[in-house]
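Mapping the sequence shown onto the UniProt record's numbering, position 389 (from 1) lands on 389, and the numbers just tick up by one. Have a look at the structure below, then the notes.
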Amino acid sequence: MSLGMNSSSLFRYLPKSFRWRLTLWNTTIISLLILFCLFGVRESLRFTLLDEIDQLLREDAAEIALSLQKYADDPTFLGDELRRKAEGHYQRDWYGEILRTDGTSICHSSFQNQSQQLFLPLTPGQFRTLNNQRFFDYLVILPNQTQRIVRVAESLHSVERDIERVTRSVNFVGLFLLLIAPGGGWWLAVRAISPLSDMIQTTKKLRPHQLDERLPIRGTNDELDQLGTTVNGFLDRIAAYLSQQRIFLADVSHELRSPLTALQATIEVSLLQERSVQDYQNTLDQISQECERLSRLVRQLLLIAESESGRAAVSFTKFQLAEIILPSVEMFYGLAESREIQIYCEPIPTCYLLGNSNQLRQVIHNLLDNAIRYSAEKTTISIVCTQFANEVQIQILDEGCGIPEHELRNVFDRFYRLESSRNRSAEGGTGLGLSICKAIVLAHQGQIEARNRLPSGTEFRFRLPLANHT
């Protein structure tokens with residue numbers, strides 16, 4: 001129990017930085033690789049030396065076999081031949097012997113462990129190691145079809161001496177490499193996380209009011225570059241969002257200041273002197289109109305905020321598409337008729353949507369209101385609904401003056417008002433109608449766009465997912 005507590009106490013005081021942990025892993029891996037490579041070098045050398053001895057023994061056995069073929073009947077000559085060969089290979093502690101297939105010896109060279117070797121089982125064609133000696137038995141068939149075994153052997157002391165020398169060298173090199181491995185691991189860790197350090201320094205410079213700094217991208221397209229690109233994209237979106245918020249607040253301040261200034265001026269003028277009841281009534285009417293405009297502006301701002309925040313999703317219900325189209329057509333039918341404008345609605349497909357029906361009805365209201373406001377007399381406004389596999393498309397087409405091409409991309413911006421004939425009308429638009437439409441459609445996972453029609457007119461279309469595919 002105390003050992004576990006001591007271990008945990010020890011690890012508690014170790015550095016927790018990523019650089020230190022990466023250094024530890026690098027050092028461990030490098031050390032294991034060094035040990036594996038050095039061990040491999042030593043064993044590879046052992047295998048090579050042993051293979052050379054086997055090759056020499058095989059050649060010696062073949063040479064003795066040739067002599068045996070010629071002088072099979074002269075054991076004395078063959079014994080002298082084996083002894084001469086043993087003396088020539090004295091440094092190798094070489095030994096040779098000719099045996100019958102029953103294991104009895106015919107002749108042999110002098111060897112200090114000869115008595116032990118005579119009792120080895122015969123295994124022609126195989127190499128064996130016994131008492132630090134390497135043996136090889138070679139089968140020879142004489143001209144009279146008699147079989148003999150040529151046995152050759154060599155001491156492995158020279159191999160062991162070479163291996164021992166190499167082991168000492170390997171141990172020295174290994175110890176040296178193990179001592180410098182932590183330094184190499186630290187160097188690798190520093191190089192690996194240096195881009196992270198640059199990213200940290202850059203992020204420390206970021207301020208809510210100044211997001212111009214971006215994380216450095218080295219162009220290697222590795223994971224750190226991908227991380228930097230992702231974070232930079234996120235910073236771009238935040239900067240764009242904050243810029244839009246500043247512009248939005250400035251526009252809201254301007255839109256609220258104008259009616260408040262008008263209210264204050266109207267009240268101050270009314271208080272400068274005594275006025276008739278009719279004058280006071282006219283003043284109150286003006287104040288009421290400005291208050292109504294302020295209330296409408298605030299309601300629209302709240303609707304945009306609710307749509308963008310996602311709170312509207314809480315009240316999503318399932319309903320038919322016709323439930324948001326037909327009431328809107330009926331509401332604006334009288335206004336369109338008064339301007340000699342015809343509203344034509346093509347058959348509405350029977351399909352279901354999942355969303356806030358009141359908000360989507362507001363989208364139709366705003367688009368129809370714009371279409372009527374900017375359409376000439378004796379023209380037609382068409383509503384076309386098309387059902388696809390996973391979504392439904394609603395198009396509202398008018399025959400008005402259209403929108404300049406360079407302004408199409410801005411029509412959904414907050415407080416944006418078109419130039420020329422589609423500027424703010426006398427009816428007092430706030431510049432938020434299309435912004436509300438976009439916010440609501442996006443909150444319902446849809447898309448909305450505006451385009452011009454030929455020869456004249458404007459088309460607003462938006463798509464919404466069907467209830468079974470949301």
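Don't be surprised by glycine CBs; every beta carbon is placed ideally from N, CA and C.
With respect to Val-411, Ala-450 sits close: the two C-beta atoms are nearer than 7 Å. DSSP places Tyr-374 in the coil class of the three-state scheme, outside both helix and strand. Straight-line spacing of the CA atoms in Ile-193 and Thr-229 works out to 17 Å. In the DSSP assignment, Asp-198 falls within the alpha helix (DSSP H) that extends over 157-205. Restricted to the region 354-400, the alpha helix (DSSP H) segments that are unbroken, complete and at least 4 residues in length are 357-373, listed in chain order. Here the alpha carbons of Gln-133 and Asp-51 stand approximately 14 Å from one another. Between Ser-105 and Glu-97, the C-beta gap is smaller than 7 Å, which places the two residues in contact. By alpha-carbon distance to Asp-54, the top candidate from Thr-129, Thr-28 and Leu-303 is Thr-129. Note on Pro-195: 16 or more other CB atoms within 10 angstroms of its CB, so buried under the neighbour-count rule. A direct Cα-Cα distance of roughly 19 Å separates Leu-321 from Ile-381. Look at Ile-403 here: in three-state DSSP terms it is coil, with no helix or strand label. In the three-state scheme derived from DSSP, where H, G and I count as helix and E and B as strand, Tyr-352 is classed as strand. With a 10 Å radius around the Cβ and a threshold of 16 neighbouring Cβ atoms, Arg-191 comes out exposed. Val-152 is classed as buried because its beta carbon has at least 16 other beta carbons within 10 Å across all chains shown.
Within 10 angstroms of the beta-carbon of Trp-25 lie fewer than 16 other beta-carbons, which makes it exposed. A straight-line Cα-Cα distance of about 26 Å links Ile-324 and Arg-409. In this structure Gly-185 is not in contact with Ile-34, their Cβ atoms being roughly 12 Å apart against a cut-off of 8 Å. A distance below 7 Å between beta-carbons, with the five flanking residues on each side excluded, links Ala-467 to the following residues of its chain, in chain order: Lys-318, Tyr-352, Leu-353 and Leu-354. It is roughly 9 Å from the alpha-carbon of Asp-398 to the alpha-carbon of Ile-383.
The closest CA to that of Phe-47, considering only Ile-163, Gly-457, Gly-334 and Phe-234, is found on Ile-163. Here the alpha carbon of Leu-78 sits roughly 56 Å from the alpha carbon of Leu-178. Going by beta carbons, Val-166 and Leu-38 fall outside the 7 Å limit.
Around Arg-19, the same chain offers Ala-189 and Ile-193 as residues with beta carbons nearer than 6 Å, after the five sequence neighbours per side are excluded.
Sequence-distant partners of Val-140 (beyond 5 residues in either direction) whose C-beta falls short of 8 Å from its own C-beta, in its chain, are Ala-65, Leu-68, Gln-69, Gln-147, Arg-148, Ile-149 and Val-150.
Contact between Cys-385 and Glu-346 is confirmed by a C-beta separation of about 7 Å, below the 8 Å threshold. Within the region 82-137, the alpha helix (DSSP H) runs of at least 4 residues that lie entirely inside it are, in chain order, 114-117. Going by DSSP, Glu-337 is part of the alpha helix (DSSP H) stretching over 322-338. In the displayed model, Phe-47 falls within a helix according to three-state DSSP. The way I'd put it, the region 455-466 does touch the region 385-395; three or more beta-carbon pairs between them come closer than 8 Å. Judged by DSSP in its simplified three-state form, Leu-242 adopts helix. Spanning the alpha carbons of Ile-247 and Ser-295 requires a straight line of approximately 21 Å. Comparing alpha carbon positions, the residue from Gly-400, Gln-362 and Gln-359 closest to Gln-342 is Gly-400. Following the DSSP letters along the chain, one finds Ile-436 inside the alpha helix (DSSP H) bounded by residues 433-443. A distance below 7 Å between beta-carbons, with the five flanking residues on each side excluded, links Thr-123 to the following residues of its chain, in chain order: Asp-137. In the structure shown, Gln-147 adopts extended strand secondary structure according to DSSP, grouped into three states.
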